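*Asks:* If you count the sequence shown from 1, you need to add 131 to reach this note's numbering.
C-beta: ideal position from N, C-alpha, C; glycine also.
Values in this document were obtained by computation on a predicted structure and should not be read as measured data.
For reference, the structure I am asking about is given below.
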Amino acid sequence: MSTRWRKIWREFRFARDRFVLLVAALALAMTALTALLSARDTLTRSMQANFAATRAASAQLRVERLDAPVLAAVRAMPGVAGADLIAHASGRVVAANGRTRPLLLYIRGESLPEISTFDLRDGTWPPGGNGVLIERSARGVLGLDAGAEFDLLLDGERRATLRHAGVVHDAALAPASQEGVVYAYTSFSTAAALGIDAAPDWLLLRCSGAPTVAVIRDCATGVARQLVAQGHAVREVRIPPPGLHPHETQMQAALRLLLAFGVLAVVLAAVLCAAVVGGLLAQQSRAIAVQQSLGATPWMLALPYLALIAGLALVASAIGLFLGYGAGLHLALHSAQHLNLRIVARGLALAPSLLSLATGVALPVLAAAIPVFAAARRPVRAALDDHGIASPRDAQRTAFAARFAGAPALTLAWRNLWRRRVRLVLNLALLGAAGALFLANANLRSGWYAVMADAARQWNFQQRIALQEPVDSAAVRRALAGVPGLRAVESWPSTMVAADDGDALFVTGAHADGGHGAVRLRAVPDGSDFLALPITEGRWLATGDTHAIVLNSVAASTTFAGTRVGDWLDLRGPDGHLRAQVVGIAREVMAGASIYTTPGAYALAAPGDATAVSSLRLAYRDGRAGDAAIVRKTLEGAGIAVSAVIDNADVGESQWAHLGILLLVLRAVAVIMAVVGLAGLAAAASAAVIDRRREFGVLAAIGATPATILRSVLYEAVFAALLSLALALPLSLAATAAIAPLLDNLAGMPLPLRLSPAGSLLWAALLLPAAVLACLLPARSAAKLSVVEALRRDGL
132 MSTRWRKIWR EFRFARDRFV LLVAALALAM TALTALLSAR DTLTRSMQAN FAATRAASAQ
192 LRVERLDAPV LAAVRAMPGV AGADLIAHAS GRVVAANGRT RPLLLYIRGE SLPEISTFDL
252 RDGTWPPGGN GVLIERSARG VLGLDAGAEF DLLLDGERRA TLRHAGVVHD AALAPASQEG
312 VVYAYTSFST AAALGIDAAP DWLLLRCSGA PTVAVIRDCA TGVARQLVAQ GHAVREVRIP
372 PPGLHPHETQ MQAALRLLLA FGVLAVVLAA VLCAAVVGGL LAQQSRAIAV QQSLGATPWM
432 LALPYLALIA GLALVASAIG LFLGYGAGLH LALHSAQHLN LRIVARGLAL APSLLSLATG
492 VALPVLAAAI PVFAAARRPV RAALDDHGIA SPRDAQRTAF AARFAGAPAL TLAWRNLWRR
552 RVRLVLNLAL LGAAGALFLA NANLRSGWYA VMADAARQWN FQQRIALQEP VDSAAVRRAL
612 AGVPGLRAVE SWPSTMVAAD DGDALFVTGA HADGGHGAVR LRAVPDGSDF LALPITEGRW
672 LATGDTHAIV LNSVAASTTF AGTRVGDWLD LRGPDGHLRA QVVGIAREVM AGASIYTTPG
732 AYALAAPGDA TAVSSLRLAY RDGRAGDAAI VRKTLEGAGI AVSAVIDNAD VGESQWAHLG
792 ILLLVLRAVA VIMAVVGLAG LAAAASAAVI DRRREFGVLA AIGATPATIL RSVLYEAVFA
852 ALLSLALALP LSLAATAAIA PLLDNLAGMP LPLRLSPAGS LLWAALLLPA AVLACLLPAR
912 SAAKLSVVEA LRRDGL
């Protein structure tokens, strides 16, 4: 072994505590990166496999009472690879906890469906008798074991007794726990035996040819026109994005964001490498100068250090890969519950694993190369003259510190803080980035609470009611007159609309669930005070407007992006057409894409009986939603079938389910970055103690107590933590501004940009004690140095 390699080994043994910190920090960062890579790979492959297994329909046609001969004719049409019929029935069930829950019953053919199918987990198809199969995410909502019977409450007083006959998994549906709905499946024959109207209302199509929107549209509209020509009504043609799970775009965006922060954690760990190596080289500046004078080239000097870092990084990366696989699987399983996915592909594929390993080795080596080559190329005279003596500027800072502190330990700490500026900058970068992400997480939570406050101000009602079928508005008001505390009741009819492209058919881009990708037109009653949306452009609707609409912020930024006040839009509903002028754009929180108009204009897009209502909003005198059970019982007592009673607070909880897991993982990454930063602070403190051991010896010789020396090192850590906090505050606003647009799309709401004072105080309360603890061992080492030992030791 050559002299240089033996020297590197001695340096490693001498500074092994700092290298142990380095390996631990890098392994932790690699654990985070591998976990996020593994979770992304697992969830992506599982989502694609789950959705592919459903053989989702290319298009859905909303039809009326098609029979088997018509279905056979559709299957023989050009471009049709498959077709099937499905019916829906809705009602309510009493769950095991006594709460009434809406139930959506999917009614299919006698053989296991081949289009928009499901995975049969337990039971048989068809279930037989009065059996229904429960979607797996709805088991917790229903709360009943297999074999148990329960009543399905249909419209009016009709009831049907159902039996929990098994479990299915339908990956195309959102989790029932988020929607508060029980999903169930049965056959046409079972539904007919139970007295449930099982007339098919949707025709499912799988189209041959390339899976593009254009090809599918030609196929679906061709089938629809032939059905119309044969006298069958086609109320809607629904063409979702081909092969795309309703949640895939949101999931991928969220995982890309988390992955970016995982990479940032590794970058910060690489910066820590640079800081540790830089501190070590600063102590060896004279030895390096001697080797240069003896003919050593920069590469000869740099190679052993880079090899040492590469070896340590390889060990840390291997540890991170091992731990990251388990953490990634845990994250994927937790996320799968929120996405209603079944994990079918676990772990990380070979290529991402190799990429993660290469990243974990390459980044630290590249970062360490900067101080290594800087030291290797430093002029010999400059290296020999480096005694770590303070410059005139340091003396000025010392005088300033003396004025504001008046204490020897504080003065010494403030002066020493600025002696190694590069090291200080690296430490501030580590802790500042960690603090920025932690504070950004708190800022986003603060923004969420602001959204909830905005919702309370924008919605001057507390409850929404969906009826199973349209009912005379006067009858509804008479029935609700006796509800305690009720201030006002308004009818808010709504219908799905799409941009009218001149086709006689109503074609939308909504997913099969009818929610994702849908745009709804809502009629605002004249003189209503139920909605107080902030107008960002133009104005709100006025009494007497006949062809006026207001877009909410979601519609204006997605389906109708680029639309301005004054533009005319052609909208088509299931039964009508509306040409209207955009008179305003309003900011609305916790809502999907919506267009607001007057009752008169709404009647053009959805002609029908103006006195019939199916959607209600209720306002209470004390501003708190009334008892949903009382509202439901009151309406049902009047013979009005209720589909759902939804409190506004429930809407907020549903939206939070989309954000909670993302913010939780963001906070976990922030904690990992903070640990990396504190490891850097500890390594820097250890290097600084070694740098200044002679200084500590001199201070002890002239009367400085060990407590003074200990406090000076700890105060230096506190000063660095405070400076990093000052850096983290503006960085957190930038990070919040970068993350917020993603959450806007993820939850369908704009999150305001604001700083969380509570988050800043919490970060300070965590950071300052952690910084003291991280530097306690180096500080105690400095305090214990004897005068003789401090003045005698000189390098390795």
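Report buried or exposed for Trp-430, applying the criterion of at least 16 other Cβ atoms within 10 angstroms of its Cβ.
*Replies:* Classification for Trp-430: exposed.
*Asks:* Which residues does DSSP pair with Ala-218 in a beta bridge?
*Replies:* Paired residue(s): Ile-238.
*Asks:* Give me the Cα-Cα distance between Arg-348 and Ile-450, rounded to the nearest whole angstrom.
*Replies:* About 51 Å.
*Asks:* Nearest to Ala-654 by alpha carbon, out of Arg-710, Ala-724, Gly-731?
*Replies:* Per the Cα distances, Gly-731.
*Asks:* Suppose contacts are defined by Cβ-Cβ distances below 8 Å. Is Ala-902 in contact with Ala-848 by that definition?
*Replies:* In contact: Ala-902 and Ala-848 (Cβ atoms closer than 8 Å).
*Asks:* Does DSSP put Ser-577 in a helix, in a strand, or in coil?
*Replies:* Ser-577: helix per DSSP, three-state reduction.
*Asks:* If I follow the unbroken beta strand (DSSP E) through Trp-256, where does it start and stop?
*Replies:* First-last for Trp-256: undefined, no H or E at that position.
*Asks:* Please give the ranges of any beta strand (DSSP E) in the stretch 591–646, keeping only runs that are unbroken, at least 3 residues long and fully inside the region.
*Replies:* Runs of the beta strand (DSSP E) inside the stretch 591–646: 594–603, 617–622, 625–630.
*Asks:* Once the 5 residues before and after Ala-530 are set aside, which same chain residues still bring their CB inside 8 Å of it?
*Replies:* Low local confidence applies: a pLDDT of 43 at Ala-530 is under 50, so the model's placement there is unreliable, with the coordinate-based value given in what follows. Hits under 8 Å: none found.
*Asks:* Specify, as a first and last residue, the run of the beta strand (DSSP E) that Cys-338 falls within.
*Replies:* Residues 333–338.
*Asks:* Excluding sequence positions up to five away, which residues of its chain have a Cβ less than 7 Å from the Cβ of Ala-663?
*Replies:* Arg-588, Gln-589, Asn-591.
*Asks:* Which residue comes first and which comes last in the beta strand (DSSP E) that contains Ser-725?
*Replies:* Element bounds for Ser-725: 725–728.
*Asks:* Considering only the beta carbon of each residue, do Pro-601 and Ser-745 sit closer than 8 Å?
*Replies:* Going by C-beta atoms, Pro-601 is nearer than 8 Å to Ser-745.
*Asks:* Alpha carbons only, please: which of Ile-501, Leu-445, Pro-435, Ala-447 is nearest the one belonging to Ala-405?
*Replies:* Taking only the C-alpha atoms, the option nearest Ala-405 is Ile-501.
*Asks:* Just the Cα atoms here: how many angstroms apart are Leu-284 and Ala-772?
*Replies:* Going from the Cα of Leu-284 to the Cα of Ala-772 covers about 9 Å.
*Asks:* Kindly give me the distance between the Cβ atoms of Thr-626 and Leu-652, rounded to whole angstroms, as I take these residues to be in contact under 8 Å.
*Replies:* Yes, Thr-626 and Leu-652 are in contact; Cβ-Cβ is about 6 Å, under 8 Å.
*Asks:* Note the first and the last residue of the continuous alpha helix (DSSP H) segment covering Gly-455.
*Replies:* Taken as a continuous stretch (DSSP letters only), the alpha helix (DSSP H) holding Gly-455 covers 429–470.
*Asks:* Hey, how far is the Cα of Ser-855 from the Cα of Leu-897?
*Replies:* If you take the alpha carbons of Ser-855 and Leu-897, they lie about 13 Å apart.
*Asks:* Assign Val-556 to buried or exposed, taking buried as 16 or more other Cβ atoms, counted over all protein chains shown, within 10 Å of its Cβ.
*Replies:* Exposed, because fewer than 16 other Cβ atoms sit within 10 Å of the Cβ of Val-556.
*Asks:* Which runs of the beta strand (DSSP E) at least 3 residues long sit entirely within the stretch 146–227? Give them in chain order.
*Replies:* If we require 3 residues or more, the beta strand (DSSP E) runs fully inside the stretch 146–227 come out as 190–194, 211–225.
*Asks:* By Cβ distance below 6 Å, which residues in the same chain neighbour Tyr-237 in space, the five residues on each side in sequence not counted?
*Replies:* Once the five neighbours on either side are set aside, the close Cβ partners of Tyr-237 are Tyr-316.
*Asks:* Counting along the chain, where does the beta strand (DSSP E) carrying Gln-712 start and finish?
*Replies:* Looking at the DSSP string, the run of the beta strand (DSSP E) that includes Gln-712 is 708–717.
*Asks:* Rounded to the nearest angstrom, what separates Val-802 and Phe-504 at their Cα positions?
*Replies:* Cα to Cα, the separation comes out at about 32 Å.
*Asks:* My output table needs one value for Trp-671: the three-state DSSP class, helix, strand or coil.
*Replies:* Three-state DSSP puts Trp-671 in coil, outside helix and strand.
*Asks:* Where DSSP assigns a beta bridge to Glu-847, which residues make up the other side?
*Replies:* DSSP output for Glu-847 lists no bridge partner at all.
*Asks:* Could you tell me whether the stretch 240–247 touches the stretch 207–216, where touching means 3 or more Cβ pairs closer than 8 Å?
*Replies:* The stretch 240–247 vs the stretch 207–216: in contact.
*Asks:* How is the alpha helix (DSSP H) around Phe-691 delimited, first residue to last?
*Replies:* Note, Phe-691: premise wrong, no alpha helix (DSSP H); not H, not E.
*Asks:* Is Pro-371 buried or exposed, if buried means 16 or more other CB atoms sit within 10 Å of its CB?
*Replies:* Flag for Pro-371 reads buried.
*Asks:* Applying the criterion that 16 or more other CB atoms from any shown protein chain within 10 Å of the CB defines a buried residue, is Gly-566 buried or exposed?
*Replies:* Gly-566 comes out buried.
*Asks:* At the level of alpha carbons, what is the spacing between Ser-659 and Arg-752?
*Replies:* Cα-Cα distance, rounded: 16 Å.
*Asks:* With distances taken Cα to Cα, identify the nearest neighbour of Pro-656 among Tyr-733, Ala-341, Gln-594, Gln-593.
*Replies:* Among Tyr-733, Ala-341, Gln-594, Gln-593, the Cα nearest to that of Pro-656 belongs to Tyr-733.
*Asks:* Exposed or buried, Arg-534, counting other C-beta atoms within 10 Å across all chains shown (16 or more means buried)?
*Replies:* Any reading at Arg-534 needs caution, since the residue's pLDDT is 42, under 50, leaving its predicted position unreliable; the model's value is listed next. Exposed, since its Cβ has fewer than 16 Cβ neighbours within 10 Å.
*Asks:* The alpha helix (DSSP H) spanning Ala-914 covers which residue range?
*Replies:* Run containing Ala-914: 907–915, per the alpha helix (DSSP H) assignment.
*Asks:* What three-state label does DSSP hand Val-655 in the structure shown?
*Replies:* Looking at Val-655 - three-state DSSP - the assignment turns out to be coil, as it is neither helix nor strand.
*Asks:* Please classify Val-151 as buried or exposed, where buried requires at least 16 other C-beta atoms within 10 Å of its C-beta.
*Replies:* The residue in question, Val-151, is exposed, as its Cβ has fewer than 16 Cβ neighbours within 10 Å.
*Asks:* Considering only DSSP beta bridges, list what Tyr-314 is partnered with.
*Replies:* Beta-bridge pairing links Tyr-314 to Leu-235.
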